[in-house]
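The next block holds one structure in the form of structure tokens; read it before the comments.
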Amino acid sequence: LQNPDWHYRTDVSVGAVGDRLEAWVHSASGSGRVYLGFDANASGARSAVFAPNTNELLIQQNSSYGYANEATTAATFSASTWYRLEAEFLSGNQVRVRVYTAGGSVVATTTHTFTSSNVGGVAIRTFNDLVVDTIRVCR
């Protein structure tokens, strides 16, 4: 991605119970953010947010592609390190977001229960020097 704008697709669907959306993320300087969006369409998305710039892992509601925090947990991320960001879709509209090291250890976890279904398209947004690789939908 060349800019901090949102990019979304609705020809790919994720968010059914048991689905997982994951991406490998990396920040050379330890700043910036990656927003891994789900339930995405032209009106907005919800997202798992890898946020080394504020040392947090978040779940956000991105109505009209704005930014409203729904769940936040503290997390420390190292610069020049690859992490796997994962959103797992549970029953009752609950989403569990985790960050793993490349070796598979859990760095941070947060959860949130939305009032409606999480099924929809996928989206992505980054800023600063963050790199995203291998975005996958796992069923």
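In the numbering used here, the protein residues as written are 40 to 178. We treat Cβ as the ideally placed atom computed from N, Cα and C, and that holds for glycine.
Coil, strand or helix - residue i by DSSP
i	result
N132	helix
S86	strand
N94	coil
Y122	strand
T154	coil
T115	coil
Within 9 Å, strictly: CB atoms of residue i and residue j
i	j	result
Y122	H65	yes
A162	Y74	yes
V136	N157	no
T111	L97	yes
G160	V53	yes
E109	R59	no
Separation of residue j from residue i, as counted between CA atoms
i	j	result
D172	T154	31 Å
V56	G131	9 Å
T49	S82	12 Å
T120	V51	28 Å
Limits of the beta strand (DSSP E) - the one that residue i falls within
i	result
Y47	46-53
Buried or exposed by the 16-neighbour rule on C-beta atoms within 10 Å, applied to residue i
i	result
D78	buried
R72	buried
A141	exposed
R178	exposed
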